[in-house]
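Quick note on our numbering: the sequence shown kicks off at 1169 and runs consecutively. We put the beta carbon where it would ideally sit given N, CA and C, even for glycine.
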Amino acid sequence: MVEKVIPIRLDEGRGLTPSIPGQLVTPNALTKDTRGRPLRDLRISVTDRCNFRCTYCMPKEIFDKNYPYLSHNELLSFEEITRLTTIFASLGVEKIRLTGGEPLLRKNLEVLIEMLAKIRTTTDQALDLTLTTNGSILRKKAVALKAAGLQRLTISLDGLNDEIFKKMNDVDFPVTDVLDGIAAAQEAGFTNLKVNMVVKKGTNDQEIIGMAKHFKGSGVTLRFIEFMDVGSSNGWDMSQVLPSQEVANRINAIFPIEPIEANYPGEVAQRWRYVDGSGEIGFISSVTQTFCHECTRARISTDGQLYLCLFANEGFDFKTLLRSGRSDLEIANAIMSTWSGRNDHYSEIRGSNTVATSIRKVEMSYIGG
Ligand code: SF4
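In structure tokens, the structure reads:
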């Protein structure tokens, strides 16, 4: 039984106040953090709500009807998200991932995507605009998302067996509807689809081979994610983590696989391919093979807090800066000074901890995965 702990959500945007240097400099893509990592990747949570209750993210016991979800006026508006993203793009951000909660629950999300699709990077390219969804309403949304300018999609699916899937997402939602959402995305013209499966040892690891078999040769890249101690309420302990190497061994025993080069530095998933040429799979191994040394990711919460790590316990309040008449130049300098002070590397610190530490960490449903 998970002990009921009210997770961290900074009330009314009262995060740390970002410092604005006295001497303002022209925004540029050169800012590095204390570990030499540039800022290239921004994850934007557009809602803290979800229609699933995945036990590793939003356990039902905590995220029930009494949970203090953000009210609409606490959320960043589409105009504010677009303004902030434009500033981040002027600082070197090239990739945007829209997350949540479940981002497709945010009304008229296509309008925001159209606005973000117009933003250019420092090298005058379009942003790499992606979104992670649980696929539950993708059949309804896929065509509009594509038309609005969304480039790539990642769908979460933790098993093909309904009973096991239900154990993971804790709501009565059939697998067939998620698979139908994936088909709808392919019909709408999305390519390079990715499917993410969180593996919880003893709960859904028996689904690994079935999932591999199902997506092998489909053009969809299946990625296995090690169960992580995100947030402060998912009851994580190491005994429920199945190391990626073991997942790879299980698959290799039936479908021979081999590792391949990363697409770019800082890519989260380790890439492997089937030796018979029938496609790729990936592993996201934040627990057993940490990748903090190449982490170029920042996260904006649904109410405008900047987090420098998925496992952070405090954020920087950019909503107040946006709403208090600060100029884009001042906000850009505040982001540069915040990033340049970054030293986050939680997965390396986690190290030998086999049970969730007492550090209260921000909830993944609030800042996005
Ligand atoms: S633990 Fe934090 S610093 Fe390390 S890879 Fe994840 S988000 Fe980046």
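8 Å is my cut-off, CB to CB: does residue i come that close to chain D?
i: Arg1208; result: Of the protein chains in the structure, only one exists, and it is not chain D.
On the DSSP bridge assignment, give the partners of residue i in chain order.
i: Ser1324; result: Asn1364
i: Arg1391; result: Asn1364, Gly1450
i: Glu1426; result: Arg1441
i: Ser1465; result: Strictly speaking, residue 1465 in this sequence is Arg, with Ser absent from that position. According to DSSP, Arg1465 bridges with Asp1209.
i: Leu1266; result: Ile1212, Leu1299
i: Tyr1475; result: Arg1467
i: Ala1316; result: Ala1316 is not bridged to any residue.
i: Leu1184; result: Phe1484
i: Ala1294; result: Arg1288
Using DSSP with H/G/I as helix, E/B as strand and the rest coil, what is residue i?
i: Trp1440; result: strand
i: Gly1204; result: coil
i: Pro1271; result: helix
i: Ser1213; result: strand
i: Leu1497; result: helix
i: Val1261; result: coil
i: Thr1470; result: coil
i: Ile1305; result: coil
i: Met1169; result: Its pLDDT being 42, under 50, Met1169 is placed unreliably in this model, and the coordinates cannot settle the point.
i: Arg1288; result: strand
i: Leu1277; result: helix
i: Phe1231; result: coil
i: Phe1484; result: strand
Which residues in the same chain as residue i place their Cβ atom closer than 7 Å to its Cβ, once the five residues preceding and following it in sequence are excluded?
i: Ile1281; result: Leu1297, Leu1313, Ala1316, Gly1317, Leu1318
i: Asp1471; result: Gly1181, Leu1238, Glu1242, Leu1243, Leu1244, Lys1487
i: Leu1476; result: Ala1466, Arg1510, Asp1512
i: Met1504; result: Thr1199, Leu1259
i: Leu1207; result: Thr1199, Leu1259, Gly1260, Val1261, Thr1464, Ala1466, Trp1507
i: Gly1370; result: Gln1408
i: Ile1422; result: Ile1377
i: Lys1384; result: Phe1423, Tyr1442, Ser1446, Gly1447
i: Asp1345; result: Ser1304
Are the CB atoms of residue i and residue j nearer to each other than 8 Å?
i: Gln1354; j: Leu1361; result: yes
i: Gly1447; j: Gly1387; result: yes
i: Ile1323; j: Val1366; result: no
i: Leu1277; j: Ile1287; result: no
i: Tyr1514; j: Phe1479; result: yes
i: Val1343; j: Asp1330; result: yes
i: Glu1516; j: Thr1458; result: yes
i: Thr1389; j: Gly1483; result: no
i: Ala1502; j: Pro1186; result: yes
i: Arg1221; j: Asn1302; result: no
i: Val1436; j: Met1396; result: no
i: Ile1332; j: Glu1375; result: yes
Cutting at 6 Å between CB atoms, please list the residues of its own chain near residue i, excluding the five before and the five after it.
i: Asp1209; result: Lys1263, Thr1464, Arg1465
i: Arg1441; result: Ile1428, Glu1448
i: Ile1174; result: Any answer about Ile1174 is weak, because its pLDDT of 43 lies below 50 and its placement is not dependable; what the coordinates show is given next. Nothing meets the Cβ criterion.
i: Asp1496; result: Ile1255
i: Glu1248; result: Leu1490
How close, in whole Å, do the beta carbons of residue i and residue j come, if the pair is a contact with beta carbons under 8 Å?
i: Phe1246; j: Met1283; result: 6 Å
i: Ala1380; j: Ile1419; result: 5 Å
i: Gly1183; j: Asp1485; result: 4 Å
i: Ser1304; j: Asn1364; result: 14 Å between Cβ atoms; not a contact.
i: Arg1265; j: Leu1299; result: 7 Å
i: Ala1197; j: Thr1290; result: 5 Å
i: Gly1399; j: Glu1531; result: 4 Å
I'd like the list of long-range same chain contacts for residue i, defined as Cβ closer than 8 Å, with 5 residues on each side in sequence excluded.
i: Val1193; result: Asn1501, Met1504
query: Relative to ligand 2, what is the chain-ordered list of residues with a Cβ closer than 6 Å to any of its non-hydrogen atoms?
result: No copy of ligand 2 occurs in the structure displayed; its ligands are ligand 1 alone.
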